[in-house]
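In the numbering used here, the protein residues as written are 13 to 421.
Don't be surprised by glycine CBs; every beta carbon is placed ideally from N, CA and C.
For reference, the structure discussed in these notes is given below.
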């Protein structure tokens, strides 16, 4: 795999842009672990990867070319870096929905870029996202925009406390949100989200607080031809807003699976989507509204990491196939689960390798990141034909992961 590349005038690394006779090149906006895993999947298909990231230490740079530029800089310098990045690419994509939509749109003027920037723009604004769900008949929480404390209070009084306040933009892994259990907690909640002395419109969204049985997600991959394939519904366990464990396939009834699949298909079809999309859902236990859509991610997703070891085609390879499909005529791969699987995230610390590998069937995926609290450093999967055995082994891996996180601080 080629080494790092810097934009003209940059200081990071050396290297050259591939010639037209070289293998196809996939561009990825972002160089974190998702970009890294996309690059590894692309390499199996004979495709090179080039990532653009603000950090010269981005972990995707271990396995892909790396162009260093700050997407927030704007101006001529970013335009120059983007043109340098796009030169020679076959197609491009992104690893994270907080990539500026304008940047993705600009890249799409230079090279085919999927998913389309309209999907990115919808996922970046929770209010737009919720209205999109409503327009497509996808059940979701009651919600309303909140630009003042009075707006939040009125929503709570109309729908009942508690309510959930969230930033409309830039929230992920539980950040930028607060549960407000009574009107008297509003001021403290707003300070926690927006900071002391904030002046102006709050730019928040309020949602009703819905008790739920469990969190689910469904991943769909869609090609430029309109062909779409859906991965099995999976069950997710979050703590502190961060995904800890995924079990796939989720144990549920056919009606729930079909509702989740219909919702994902409707969303992908409406957006003219190309690539992998994840739809996150709450299972309520209410027969009238058994599933409520929480949010969608226009990219490969943490809850789909189990597919690397227990699906006929992993999410990363299928995303590469979809994004490059119009250029290289790559068909989508099958999405069937080979056998029951669990995925355990490694957060903040990594357990001793020997202890992880001592768990029967454990497969370790480390991202090459330095440890710090709350940081995703890797994941471990375990699979077996016996679903009960998978849950037992996942519980052991979770114990190891939690112990290493506590040890780090």
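- Nearest to residue 301 by alpha-carbon distance, out of 54, 34 and 150, is 150.
- Counted as a single uninterrupted DSSP element, the beta strand (DSSP E) harbouring residue 390 occupies residues 388-395.
- For residue 330, the closest of 416, 37, 54 and 35 by C-alpha to C-alpha distance is 54.
- Residue environment analysis places residue 142 among the buried positions, since at least 16 neighbouring C-beta atoms fall within 10 angstroms of its C-beta.
- DSSP, read as helix, strand or coil, puts residue 178 in strand.
- Using a Cβ-Cβ distance cut-off of 8 Å, the region 56-70 and the region 93-100 are in contact, since at least three pairs of beta carbons, one from each stretch, lie closer than that value.
- Residue 274 sits in a helix when the DSSP states are folded into three classes.
- Here residue 267 has 302 as same chain residues with Cβ atoms under 8 Å from its own Cβ, once five neighbours each way along the sequence are excluded.
- Contact check for residue 222 against residue 276 fails: the beta carbons are separated by 8 Å or more.
- Residue 416 sits in a helix when the DSSP states are folded into three classes.
- Judged by beta-carbon spacing, residue 56 lies beyond the 8 Å limit of residue 256, meaning their Cβ atoms are not closer than that value.
- Excluding five sequence positions before and after residue 292, the CB atoms of its chain that fall closer than 6 Å to its own CB belong to 229, 306 and 307, given in chain order.
- Remark: C-beta atoms of residue 395 and residue 321 approach each other more closely than 8 Å.
- Note on the region 46-94: whole beta strand (DSSP E) runs with a minimum of 3 residues are 60-65 and 77-80, in chain order.
- Around the C-beta of residue 369, fewer than 16 other C-beta atoms lie within 10 Å, and the residue is accordingly described as exposed.
- Residue 359 counts as buried, since no fewer than 16 other beta carbons sit within 10 angstroms of its beta carbon.
- Under the DSSP definition of a beta bridge, residue 375 partners with 393.
- A residue is called buried when at least 16 other Cβ atoms come within 10 angstroms of its Cβ; residue 355 meets this threshold and is buried.
- If you check the CB distance, residue 46 and residue 107 come in under 8 Å.
- Classified as buried, residue 227 has 16 or more neighbouring CB atoms from the shown chains inside 10 Å of its CB.
- Residue environment for residue 363: buried (at least 16 other C-beta atoms within 10 angstroms of its C-beta).
- Less than 8 Å divides the Cβ of residue 353 from the Cβ of residue 260.
- From the listed residues 385, 269, 36 and 403, the smallest Cα separation to residue 249 is found for 403.
- Close CB contacts of residue 75 within its chain, under the 8 Å cut and outside five residues either way in sequence, are with 13, 48, 51, 52, 55 and 61 (chain order).
- Taken through DSSP and simplified to helix, strand or coil, residue 325 comes out as coil.
- Boundaries of the alpha helix (DSSP H) harbouring residue 206: 198-206, taken from the DSSP string.
- By the CB criterion at 8 Å, residue 279 and residue 262 fall outside the cutoff.
- In the structure shown, residue 226 adopts extended strand secondary structure according to DSSP, grouped into three states.
- Scanning its chain for C-beta atoms nearer than 8 Å, with the 5 sequence neighbours on each side dropped, one finds around residue 152 the residues 142, 145, 146, 304, 305 and 306, in chain order.
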